[in-house]
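Protein chains in written order, with our numbering: chain H, 1 to 373; chain B, 1001 to 1195.
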């Protein structure tokens, strides 16, 4: 399905300037696909950047061009919503390395015209943010009212505050962390190995062939999907119920509803995501550790970000980026005297809570952006 | 909306431009008043519903426990710390006072006076733990685990060598004198400082 995915037209800009990367390599030019909502005011002071998660995209509040489903945060972004597009000019860009129109492994090589595949350089969260800053330069937006993101989007919001502290007033970091834990890396490695073990992966050069590693990508998604939910949520939704049958098959069909659900999630994912992009973005997340350049002291990352207002939210059932990781960020912020707000919200949906119906989150996001809701 | 009298006294004593940490800030009522008068107010609050309400009104509040999480703030991070109606709920009020005066040179501490005459009478004549306007919950479910009197608190400050810059005593909503405070004050507010 990957070939269909790459035929979708996205609104994008190609910036003919070199993008230096953390790896030491650079991209000679960078294409960034993005969506925007609400009017930019004359002073260009009402821009809010929303950063999407690993498998998210720029279609934050508009229908997805491949699946037709509503935007992934349509409940949060829109006229009169917590991120109110009557007040704010909202920008959401597809991250570097992804597959929805921004530069990534499916981008053709400038010289040969064939997709780069694994010749695309490994990127980091800071590289994604650097590309977003280039987009804002192109749009003439010097300073953001806020950067808002959940999960990997929260990592970008934190990286914004540490890389460009003068360019944002406020950072809203939801269900996220300042580093990837051993467990986070481990789950990602399972997903990558599933993709690379698929013979259709072909060392990443599958774009021109009729085959794509959809089986591997589906398994990667299945494993990851479990980490986004809580045990409580899974039990409530599926329990040990059987799928469309009354007795066990004593075989390896999807006997259980939870198996059937995961298989469906895995397969549906391959219609809207590129396997190589999954490799690159999970790698970027694994390399993320804001304390790393500061001898392991996270506070060192925030010394220049004292004037940014931070708002962090965690969820009590999120075991992927647990509350302790948010608290660690809050402690580092407090130690440098930065303005920090933090709350652990109670929600049954695990890590995915940031995408779902949690009214307290709406009020917090609206408040953090300086409006009532 | 008018501030609670004890909060109004604290708000009136904090100068504009000061950096303040309100420990046990509730839904941010005092912080909102302080912000209006040009104070950089931040909060620590244990109840997530209160934290949510305070952040929703634009306040800077961290969910945390005064027993444990004051340790996360560096020394002299603030000009004033505020502990309003919370001292008697802490596990070790003496250590909390130490922490307040570590993170700020001055602190406001307010608490219900357990030696108010009504409480004394309730104990003397009723023989039961008193349930009053400021201490409205029965002994078995009260969050107030360290009842304290004006005299007790003065003793603690003396033992610690902590200075008292000002003190206010309220009977109902009205001020009462220093001398009569141990009997007549329902509520005491101290502005304490490092010596």
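Note that the Cβ used here is the ideal one computed from N, Cα and C, for glycine as well.
When CB distances to chain B are screened at a threshold of 7 Å, the residues of the stretch 333 to 344 of chain H falling below it are 334, 335, 337, 339, 340, 341, 342, 343, 344, in chain order.
Under the DSSP assignment, residue 35/H falls in the beta strand (DSSP E) whose first and last residues are 30 to 37. Taking C-beta atoms under 8 Å as the contact rule, residue 48/H and residue 60/H fail to qualify, at a distance of about 11 Å. Only buried fits residue 103/H, as 16 or more other CB atoms lie within 10 angstroms of its CB. Our two residues, residue 1113/B and residue 1150/B, have alpha carbons roughly 6 Å apart in a direct line.
Excluding five sequence positions before and after residue 99/H, the CB atoms of its chain that fall closer than 7 Å to its own CB belong to 5, 106, 273, 274, 277, given in chain order. DSSP places residue 226/H within a helical segment (H, G or I) once states are collapsed to three. Taking 7 Å as the CB threshold, residue 297/H stays off the interface with chain B. Scanning 121/H, 8/H, 68/H for the CA closest to the CA of residue 25/H turns up 121/H. At least one CB atom of chain H sits nearer than 7 Å to the CB of residue 1061/B. When Cβ-Cβ separations below 7 Å define contact, residue 143/H makes no contact with chain B. Less than 7 Å separates the beta-carbon of residue 33/H from that of residue 12/H. For residue 360/H, the chain B residues whose C-beta falls within less than 7 Å of its own C-beta are 1052, listed in chain order. By the neighbour-count definition (other C-beta atoms within 10 Å, threshold 16), residue 215/H is a buried residue. Residue 94/H is classed as buried because its beta carbon has at least 16 other beta carbons within 10 Å across all chains shown. Taken through DSSP and simplified to helix, strand or coil, residue 1174/B comes out as strand. In this structure, the CA atom of residue 353/H is about 36 Å from the CA atom of residue 42/H.
A distance below 7 Å separates the beta carbons of residue 265/H and residue 225/H. At a cut-off of 7 Å between beta-carbon atoms, residue 363/H makes contact with chain B.
Against chain B, a Cβ distance below 9 Å from residue 366/H picks out 1056. Neighbourhood of residue 1042/B in chain H, by CB distance below 7 Å: 339, in chain order. Within chain B, the residues 1048 have their CB atoms less than 8 Å from the CB of residue 346/H, given in chain order. For a cut-off of 8 Å, the C-beta gap from residue 311/H to residue 344/H is around 13 Å, too long to register as a contact.
DSSP places residue 138/H in the uninterrupted alpha helix (DSSP H) bounded by 125 to 139. Comparing alpha-carbon positions, the option among 23/H, 89/H, 53/H lying closest to residue 40/H turns out to be 89/H. Distance from residue 363/H to residue 279/H at the Cβ level is roughly 38 Å; contact not present, criterion being Cβ atoms closer than 8 Å. Proximity of the stretch 129 to 136 of chain H to the stretch 150 to 164 of chain H meets the contact definition, three or more beta-carbon pairs being nearer than 8 Å.
Secondary structure note for residue 257/H: its alpha helix (DSSP H) is the uninterrupted segment 257 to 270. From the beta-carbon of residue 330/H, the residues of chain B found nearer than 7 Å are 1062. In the DSSP annotation of this structure, the continuous segment of the beta strand (DSSP E) that includes residue 1063/B starts and ends at 1060 to 1063.
Boundaries for residue 362/H: no beta strand (DSSP E) harbours it, while the alpha helix (DSSP H) harbouring it runs 359 to 368, taken from the DSSP string.
Within chain B, no residue has its CB atom less than 9 Å from the CB of residue 75/H, the nearest being about 17 Å off.
Runs of the beta strand (DSSP E) lying entirely within the stretch 306 to 344 of chain H, each at least 3 residues long, are 309 to 315 in chain order. Closest option to residue 365/H, judged by alpha-carbon separation, among 197/H, 212/H, 173/H: 173/H. Within chain H, the residues placing a beta-carbon under 7 Å from that of residue 1073/B are 334, ordered along the chain. For residue 1159/B, the closest Cβ of chain H is not nearer than 7 Å.
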